[in-house]
Amino acid sequence: MGAIDKWVSEASADTPTGKVAQRALELRFRDVIHFLPLAAHLADEDMEYVHQARVATRRAAAALAMFRAFVPPAKCKQMKAMLKQFRKSMDEARDLDVYLERFGAAEEPAAGSLYDRLEHRRREVQMPIIQCASPLLYNEKFRRRAARLVSKVKKHARKRLRREPFGQWATERLQQAWARFQSAVPGDQPTADELHAFRIEIKRFRYALELLRNGLPGAARKQIYPQVKQLQAQLGEIQDHAVAADKLAAWRAEAESDAECELLQRYERDEREQYRGKSEAFLHWWRRDRLDELAAQVESLWSVTQR
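Just so we're aligned: 40 in UniProt numbering is position 40 of the sequence shown, and the numbers increase by one with no gaps anywhere.
Have a look at this one:
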């Protein structure tokens, strides 16, 4: 198994929604089961395993939210809590992987001592990931819970809901997701928090498209999805600079030498400049007519399905 499978390929507009819910949850839980042990035990060979595992937990949580009407609330809540625990166990490790790669390439003498301290911290934060992976490797606790939750789809939801054609159900869910997207669109001079909130809603909309794609017209994947993906990437890069600047400022407060402090201050200044520059470039690119164009494409999806 390689990269995460984004799409629920077996679904179509005529497939009963209950079957799609089962398959989507199976796929998302399968990705978590695959990547979390790799992040726990092979991260030193490839740091992307941590990134892939975090993405897998986010996509699984998105599937639970999308298909929550098909599973018992208590089991859904329990599974969401486990996925959140998995993801949080990897947050600091992912941040450190990025900075270790950066400082490892730096030639300044101060970067060497900083690298050593961060590398030590990176080894420490690996332990929570290993502990989270234990239920997958040794007693299969997560695997059993996931299987039981998926099996409940056949019994929990009303028969009428389970048998509803996926195309009709997917269109209704997309309308709801698009309304949330539009409510998060920032104004002309957004704050950093507003851009961050917009980025989160874009990510949710992207995950919704991935789950609903096969119940929607082809434009959902061919035209809309690439634009949403590009939006997420641009805002993600901007947010990364903001987070990096704050992280570097915190490390600067704990610097062990003037040289180390100066190095971190320079990197922090660079991150803040990058944040300002890319934020301005994004706002210039993200004009009102671009939003109107995307809105027309999205809203055309339900006009097609209602014919």
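The beta carbon of each residue, even a glycine, is placed where N, CA and C say it ideally should be.
Own chain residues within Cβ distance below 6 Å of residue i, not counting five before or after
i, result
"E194", "P186"
"A184", "A197, F198, E201"
"Q223", "Q297"
"A177", "F205, A208"
"G215", "A13, F166, G167, A170"
For residue i: DSSP bridge partner residues
i, result
"P165", "P16"
Simplified DSSP assignment, three categories, for residue i
i, result
"D95", "helix"
"residue 311", "In the structure as shown, the chain starts at 1 and stops at 307, and residue 311 therefore has no counterpart that could be examined."
"P128", "helix"
"P217", "coil"
"P186", "coil"
"T171", "helix"
"A146", "helix"
"E45", "coil"
"E26", "helix"
"A81", "helix"
"A11", "coil"
"E140", "coil"
"A106", "coil"
Own chain residues within Cβ distance below 7 Å of residue i, not counting five before or after
i, result
"K203", "Q232"
"Q265", "R252"
"T57", "V32, L83, F86, R87"
"I238", "L195, Y275, K278, S279, F282"
"R68", "C76"
"T191", "none"
"K80", "A61, L64"
"V71", "L149, K152, V153, H156"
"Q227", "L294"
"L36", "A53, F86, C132, A133, L136"
"E92", "V125"
"A179", "none"
Same chain, Cβ closer than 8 Å to residue i, neighbours up to 5 away in sequence not counted
i, result
"Q33", "Gln is not the amino acid found at residue 33; the sequence shown has Ile there. Correct list, in chain order: L136, F142, R143, A146."
"A259", "E108, P109, A110"
Span of the alpha helix (DSSP H) around residue i
i, result
"Q274", "258-285"
"K247", "225-253"
"Q52", "48-66"
"F70", "Unbroken run through F70: none, as it is neither H nor E."
"K154", "153-156"
"K203", "192-212"
Inter-residue spacing [alpha-carbon to alpha-carbon] between residue i and residue j
i, j, result
"A295", "Q168", "20 Å"
"P128", "S89", "6 Å"
"G236", "R163", "38 Å"
"L174", "Y267", "41 Å"
"L27", "E299", "28 Å"
"D116", "F103", "10 Å"
"V153", "W7", "19 Å"
"E124", "V55", "22 Å"
"A53", "A11", "25 Å"
"Y38", "Y49", "The residue you asked about is not Tyr; residue 38 is Leu in the sequence shown. The alpha-carbon atoms of L38 and Y49 are separated by roughly 6 Å."
"L161", "F29", "23 Å"
"E271", "H241", "5 Å"
"R269", "A244", "10 Å"
"R287", "Q189", "12 Å"
"I130", "A40", "5 Å"
"L114", "L96", "12 Å"
"R23", "A74", "20 Å"
"R289", "Q182", "Residue 289 is actually Asp in this sequence, not Arg. In a straight line, the C-alpha of D289 is about 14 Å away from that of Q182."
"R59", "P16", "22 Å"
"D44", "L100", "12 Å"
"A105", "A219", "43 Å"
"L118", "D46", "17 Å"
Residue i: CB within 7 Å of a non-hydrogen atom of the ligand HEM
i, result
"R266", "The ligand HEM is absent from the structure shown, which contains no ligands of any kind."
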